[in-house]
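If you use the UniProt record's numbering, the sequence shown closes out at 1227, no skipped numbers anywhere.
Okay, so here's the structure we're looking at.
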Amino acid sequence: MGFSDESNLAVASNCIKGGFVSIVKGASLLRDDELITPFFNPRLTSPTQISYTEPILSLQWLNDHELLLLRKGCRTLSRFDVKHLTSTDLATLPNYIDHCVFDSTHNHYILATSDGRVTSIDCRENGRYATHWATLNTSHNAVTTLLVDATKPHELVVSYNDPCIMSVLDMRSTRTSSITGKKVPGVLHSHTLSSEKKRHIVAMEPFFSEDEVVTCFSDGSVAVVHKYSGETRLTCDCLSRLEACSWDAIVSRPMRSCSLRSGLYIPSICNRMTSIPVLDFDSLVLSEENTSPKPLFIPCEDEVFGCCYSEELDRLYRVMFTCLDLIISFIREGSYESLPGEDKNLIHRTLFDWICNKAPEVINAVPEYLKKKYAVLFALLIKVDYPQSWPDVFESLLHVRTLSQSHLYMYLSILYFVDEEVVQGAGGTRAPTDREGLVAGMRVKDCLRDSCIGAIFQSWIEVLQQYGDGTDAMSVDLCNKALETLSEYADWIDIAFMTNEVTLQILFKLLGNPNYVENVLLCFEELYANNPDVTTSILELLMAVVKELVESIPSILSANDLATMNEARECISLVFECIPAVLHQEYLNPILVLPDILSKLVVQMQREAAIHENSPAAAFSMNLKQHLPMLLEGLFAQIKLPEDYSFDSDSGIDADADMYRNSLKRVVVSLIRLYPAAYLDFIDLLFRSVVPLEHFTVAEWRDAEAAVTFVYYFGDGCNVTVGDNPYKARFLTLLTTLLQSGVLVKHYHFSVLMAAMDTVSRYQTLLLPLKETHYSCLSIFMEGLNGSKQRVREKAVTLLSRYVAGLKENVVPFQQGILEAVQRMIMIPTPQDVMRVSSEPTYFEAIYPLFFISSSIICGTWNNPQDIYTFYHNTFLVLYGNIAAAREQLTGAAGDRFVYIAIAYNLGCIANMLKGATSNPMSALASLASLAGAEGGMKEEMVKVLQLYLECYPLALAPNTEYLTAQLDALIHRLVTLLKEGILPYTATLVSSLCSLRNIKALTTCLDVLNQIFSFNKNKHEQYLDPLVGVVTEQYYSELAGDDDAAGKKSETVLQFYCFLDLVISYSSSVLYSQTNAPYLSQYLSTLLKGITEIPQIQVNKLCITDYRKLAAAWLDPSTQVPEEVRSILLQHILNEVLPVLFQLGQLAHFDMTNPMCITTVNEVAGLLFQLAKISPAFNEFFFGVFLANAGCSNDVVASFRNCFQQKRSDALVTFLREFFRQLCKP
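Right, here's the structure in full:
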């Protein structure tokens, strides 16, 4: 039973057939007569209920209209909507769910299951959920209850049955289990609660102290247990007189509308009892004989009280806490506003008198929870009374801080909660959402900015200056409290406070003290989060010093100024004293200035290395090389991945970390180039001390991954893969030792395996000649193929395919094992599989490299030709069958898109098989005809693939088939690459099939394929090309489905068509005046002209001008054998139609002489004119005698053209025309 508010009551009831949840609604459910028999009370609205087949285990209100529901012996977590009376399943787990708490801080559900595990999940749509972490419980000890205290939302208290154990888990700190490879929470404390009687905890509730909980045991006893020490006190056997009773549940919730008795603590619900036990701490007498609260028993019909627990036994503290809590309640509920002014002033004076009149030792003795409650009340009074009725509150507080260290701590606590409760800084728990709260926060902020925020900020700085060097507990507490408060205010006070030189110097100094690192970084994190422009402020001073030093060194050396040099040495020494403290911190966000500082220092190190070799002035060197080990050690610490790195390409955290690592990599590479031997010494040190090989498999994953990454970086700074590198032998020894030790495949974390695969692939050319390393390298990739993470398997497949291609015939000893491993991974998706992962259309693309690997291995000349043919023939048959089955499922409905994708995957598999066959330099498929099988040769198999392509292509014309189109394109291009001249006899079939579809997309594909075919086969293909030119040109000028732009054709189609014409003109221009095409020669030339005048694409314009130049060279040169009629047609076309167009290019809307493509187009114009002038006297006569005269060109222009035409090269004409067109293009 539980209330959501005063008018909703949820009641769960069970019977032998299952369970029921009833929702009772009424005007006031808090009166005793309405709680006795709610189902038969005529003043209530009719109850509503829903039934389940399993008994109800527990109910929890998530909000005013939703319940979280657990059922006994059920694996499903459900949410019950009381408004619509519907039940929704959130998640179904592998084991029965026994307990659940809702982590509102992170919006997660924390579940205890019947196998003794505790799991944190994030529920998503359609019953899917993501697991954030899960505990290990090899003994399967059952969980009896869970508790999350609102004061420490990151801690989870878990109790176990037998033995009776209480554990405190830190949900913020997770690590990867070496057993399961999954995240597990950190364990802060775990204690066995010993007892003479066998019992276990059945319920827990928070105590007022943040460190204790009230526990109810199965034997009926109640005790206060310290979470961190396991110490038990205030034990009360309140149910000792009821022998058969046990607690099933305890729910404590204060109800302010009920009369509240001080010191009474009541469990709200108790099972199988006729009375409710009430623990009366007021009646407790402190004596050696009586150390437990006295239990009272109140009948169920009596009024139900709210509950609150007190920390200390001292009545004074309990009374004060109750008073503070009541006043806070009055303020939060709005009752305080109606108090007279004199009463408010009395409260103000009383609060100040209490703290001002207390001696420091008395304040120190006050419990922490009471100090916190006092500070919260003070902050809330500031929220409602400042400045209108309490204008001098902050001046008074500034005075309080001067009384003693204890008073100073209270001052800092009050300021902390002013931001937490009123303004709401970062990390707060009560961000104001109502308009009244927002207005109050803005009022307080504005008044503080206008009055005393400067004095308050200065008080924090004075605390850090005065106590920052202290080592006693009070100094550390004061500094940390000042830093915590400063971090809360950092996001809204004037940024100048935080970035001034004094503040940065103090914070930078404290950064080197481990007591303050976390809070200092929190201050800088707030700067970064809210002021991205000042992210680098934490190192600005250091950067300025380093920059000035490094830039001044040359002038110091040239001046031979020993005194200045010694001063610079001292400065640089101070810098290097600061660097270790900076490098060995884990930053909340990457500090991008840090790599810049290191880069500057490396520049000076490079300068010194050069001076040492070439100049006697080396005596003035700062000898920065001595700091190299420290720099490498610090870089290693910084280059480690953050603990929350998720290896997700879409993660913002990952993107920041990658950018930071890449910037640090540049520094590392520079150091490698400078001191390669010292870097190798450092790598040796890493594998001897930091991650020794004998313990590498259990080393911390971030250290192990960073160590392997450092090996990877060496090749970027010292290219050991080419030439006779002096460090090649040593590095190769290190690398082979690391590989042959086998530790890279045994580490528990997948990131190390990924780094190892990258490293092997990086140094593949170095390792391939060493046969003794082949097994070790392949074992790394094979381990990756069996990885539990998809991204590991994808990387393994890609890099293995590259490595196998490099092995060539050396793959033979490992061939069978690789193929078996690959075969186990292959799963060709069906339309249903595609539908299952519809949000990720490329989910199954990882299978492509598997087909690539298999094909590249099988096609090698070391295999039997019959085996090669059998492999391709049988595999193709399977894929053909899959495609045929999928095509039968097409219905013309929206669901067809999944069928199209499934077909695309099968086509992609074939394309990758062809890719594998062409990538192997020792491929037996280079001679297709020799691979004959029982049913024909491999050439016939390739023809079948072409037929399959033509059969499937019409499917790509349907909507939403982009992925299918991409795989079809990949297939035909791979087929062309493999067949080479063998595909020429089938070009007519291919063109007729695609053109018959009468579709612009099909025409574009046809042109693209033709361009590839005839690019591969540039000569002796006229017989195949001759009949195609007219067909393609006619299709281009036809009205086709899919035409949608102003020019009547898509820009891609236009470009492909003119590329096709360019290919024809470049290698077989005689085709244009063949017997087939001669009647249409004028139309082809007109098409080229339209490419200049009508196509607003400068790339096409340039291509057409180039083609005119090629035609002129091939047809107008007297030494070539071309029909005179053809020469005449081309020459007249150029003189009468092309020349005027060329000199009007500057008038085209898309022509701009600032565009590089337009400039190169002018170059082509110059090339055409120069070519014509050299080979055609008729052109010269027309150009100077008619064209330039009619154009009205000046004598200077005519003379310039004559002079340029007389040169041996066209460079002068190019220069002249560029300036000529610039003048024409001027507005």
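All C-beta atoms, glycine included, are put in the ideal place defined by N, C-alpha and C.
The closest CA to that of Cys-1006, considering only Leu-59, Ala-91, Glu-395 and Thr-987, is found on Thr-987. Taking the Cα positions, Met-1153 is about 14 Å away from Phe-1216. Beta bridge pairing from DSSP links His-226 with Glu-212. The beta carbon of Thr-798 sits closer than 6 Å to the beta carbons of Pro-849 from its chain, once the five residues preceding and following it are set aside; these are given in chain order. Under the three-state reduction of DSSP, Cys-452 is assigned to coil, being neither helix nor strand. Taken in chain order, the complete alpha helix (DSSP H) segments of 4 or more residues contained in the region 969-1042 are 987-995, 1000-1016 and 1022-1036. Taking C-beta atoms as the reference points, Ala-706 and Lys-808 fail to come closer than 7 Å. It is roughly 14 Å from the alpha-carbon of Gly-982 to the alpha-carbon of Val-1009. Contact annotation, Ile-853 with Ile-818: C-beta distance approximately 7 Å; criterion of less than 8 Å satisfied. By the criterion of at least three beta-carbon pairs nearer than 8 Å, the region 853-867 is not in contact with the region 966-982.
Of all C-beta pairs linking the region 409-417 to the region 437-446, fewer than three are shorter than 8 Å, placing the two stretches out of contact.
The beta carbon of Gln-405 sits closer than 8 Å to the beta carbons of Pro-360, Met-474 and Leu-478 from its chain, once the five residues preceding and following it are set aside; these are given in chain order. Residue state for Thr-53 is assigned as coil, using DSSP reduced to three classes. Only residues of its own chain outside the window of five on either side were considered, and among them Ala-805, Ser-856, Cys-859 and Gly-860 have a CB closer than 7 Å to the CB of Asn-920, listed in chain order.
Straight-line spacing of the CA atoms in Glu-488 and Asp-419 works out to 7 Å. When the alpha-carbon of Phe-1143 is set against those of Glu-1125, Leu-1169 and Val-1122, the nearest one is in Leu-1169. Straight-line spacing of the CA atoms in Met-630 and Met-605 works out to 14 Å.
Nearest neighbour of Lys-183 by Cα position, chosen from His-154, Asp-385 and Thr-135, turns out to be Thr-135. Leaving aside the five residues that flank Phe-1057 on each side, the residues in its chain whose CB is nearer than 7 Å to its CB run, in chain order, Leu-1007 and Tyr-1036. Within the DSSP secondary-structure output, Ala-134 pairs in a beta bridge with Thr-119. Ile-97 carries a strand assignment under DSSP once its states are collapsed to helix, strand and coil.
For Asn-63, the beta-bridge partners assigned by DSSP are Glu-66.
For Arg-75, there is no enclosing alpha helix (DSSP H), as DSSP gives it neither H nor E. Judged by beta-carbon spacing, Glu-212 lies within the 7 Å limit of Val-224, meaning their Cβ atoms are closer than that value.
Leu-316 sits exposed, since fewer than 16 C-beta atoms from the chains shown fall within 10 Å of its C-beta. Per DSSP, the continuous alpha helix (DSSP H) segment holding Val-362 begins and ends at 360-365.
Where Tyr-869 is concerned, the enclosing alpha helix (DSSP H) starts and stops at 865-887. According to the DSSP secondary-structure assignment, Lys-183 is paired through a beta bridge with Thr-176. Excluding its 5 nearest sequence neighbours in each direction, Leu-111 has C-beta neighbours in its own chain below 6 Å: Ile-97, Cys-100 and Thr-119, listed in chain order. About 5 Å separates the CB atoms of Val-476 and Asn-515; that is less than 8 Å, so the two are in contact. Contact annotation: the region 382-393 does not touch the region 452-469, with fewer than three C-beta pairs closer than 8 Å.
Taking a cut-off of 8 Å for Cβ pairs, the region 681-697 and the region 649-660 do not touch, as fewer than three such pairs fall below it. Secondary structure in the region 733-813: the alpha helix (DSSP H) runs of 4 residues or longer, each lying completely within the stretch, are 750-762, 764-767, 774-785 and 790-807 in chain order. Residue state for His-191 is assigned as strand, using DSSP reduced to three classes. DSSP places Leu-111 within a strand segment (E or B) once states are collapsed to three.
Counting only the Cα atoms, Tyr-727 lies some 11 Å from Leu-734.
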